[in-house]
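Residue numbers for the sequence shown follow this note's numbering, so the first one is 21 and each next one is one higher.
One structure is given below, encoded as structure tokens.
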Amino acid sequence: MAEAETFEATSETKRLTIRPLERADYAEWLAGFNGRSPSKHVYDPGRLDMSACTEHWFQELVDKHQQLAHDDTAHVFAVFRKEDGRHIGMVDFSTLARDDFQWGRIGYTIHNQYWNQGFGKEAVTGALDIAFTELGFHRIEAHINLDNEASVRLAESAGMKFECVREAFLYEGGAWVDHLIYSINHK
Numbered sequence: 021m022a023e024a025e026t027f028e029a030t031s032e033t034k035r036l037t038i039r040p041l042e043r044a045d046y047a048e049w050l051a052g053f054n055g056r057s058p059s060k061h062v063y064d065p066g067r068l069d070m071s072a073c074t075e076h077w078f079q080e081l082v083d084k085h086q087q088l089a090h091d092d093t094a095h096v097f098a099v100f101r102k103e104d105g106r107h108i109g110m111v112d113f114s115t116l117a118r119d120d121f122q123w124g125r126i127g128y129t130i131h132n133q134y135w136n137q138g139f140g141k142e143a144v145t146g147a148l149d150i151a152f153t154e155l156g157f158h159r160i161e162a163h164i165n166l167d168n169e170a171s172v173r174l175a176e177s178a179g180m181k182f183e184c185v186r187e188a189f190l191y192e193g194g195a196w197v198d199h200l201i202y203s204i205n206h207k
């Protein structure tokens, strides 16, 4: 992407800064992924091979995120711990519909070495503030696998409510699978 407008939405919580990735974030971003512990459950990828994630690759990723934001297709936010600048995870919003809906989907991940410290709830709550106040969404949904109890707990802790089960909702692992739908509306 050529030098274009930069998406600048940011949220500050008590312990976190939530903002789009910048080119200067490469070392901290990579350290967050390289510090991951082995997988703790089926929805935790654990340690990842980051050898293909060169600084050049990362610069292209940042540019791609900016283009997605510019096009209002997706808005991707990095989560950094304020006390030391550590990259601890990501939160993203995909635009499902605009016009009379202003409807989006949230995705979230916290590096597993930072689990069980309340960072997930704080990151999702801070990111939802961006979704409602900066991005103009009215409704945000989380689409969660039926057996992903950790994701359900996180969605509920951030104020999202169970709405329904969507049958054969997502093609995943070679089959159409059901998903729990959790949602929250801007008040």
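For each residue, glycine too, the CB sits at the ideal point set by N, CA and C.
DSSP state of residue i mapped onto helix, strand, coil
i      : result
Ala178 : coil
Glu208 : Because the chain in this structure spans residues 21 to 207, residue 208 falls outside the shown range and cannot be described.
Arg173 : helix
Gly127 : strand
Asp149 : helix
Val62  : coil
Ala72  : coil
Met21  : Note that Met21 scores a pLDDT of 34, beneath 50, so its modelled location is shaky and nothing firm can be said.
Asn54  : helix
Asn165 : strand
Phe121 : coil
Trp77  : helix
Gln137 : coil
Asp91  : coil
Nearest residue (CA-CA) to residue i, options the options
i      : options                        : result
Ala51  : Met180, Arg106, Arg43, Lys34   : Arg106
Gly127 : Cys184, Tyr63, Glu75           : Tyr63
Val144 : Tyr134, Asp69, Met110          : Met110
Trp49  : Ser57, Phe100, Leu88           : Phe100
Phe182 : Ile204, His90, Ala147          : Ile204
Asn168 : Thr74, Arg39, Val197           : Val197
Ile150 : Phe113, Ala117, Arg173         : Phe113
Gly156 : Phe121, Phe189, Glu187, Asn132 : Phe121
His163 : Ser171, Glu142, Ile201, Lys207 : Ile201
Asp119 : Asn132, His158, His90          : His158
Ile108 : Val172, Gln137, Leu174, Glu154 : Gln137
His131 : His61, Ser57, Cys184, Ala178   : Ser57
Val96  : Val172, Ala29, Ser171, His199  : Ala29
Arg39  : Tyr46, Asp45, Ser31            : Ser31
Start-to-end residues for the beta strand (DSSP E) that takes in residue i
i      : result
Gly109 : 107-117
Asp198 : 195-205
Strand pairing of residue i, partner residues [DSSP]
i      : result
Val96  : Asp112
Leu190 : Val197
Thr33  : DSSP, once it has assigned bridges, lists no residue as partnering Thr33.
Arg101 : Leu36
Val185 : Leu200
Residue i, enclosing alpha helix (DSSP H) - first and last residue
i      : result
Glu28  : Where Glu28 is concerned, there is no enclosing alpha helix (DSSP H), given that its DSSP letter is neither H nor E.
Leu217 : The question about residue 217 has no answer, for the chain in this structure spans 21 to 207.
8 Å contact criterion, which residue i and residue j should meet: CB distance rounded
i     : j      : result
Leu36 : Glu187 : In fact, because the Cβ distance is near 36 Å, the residues do not count as touching under 8 Å.
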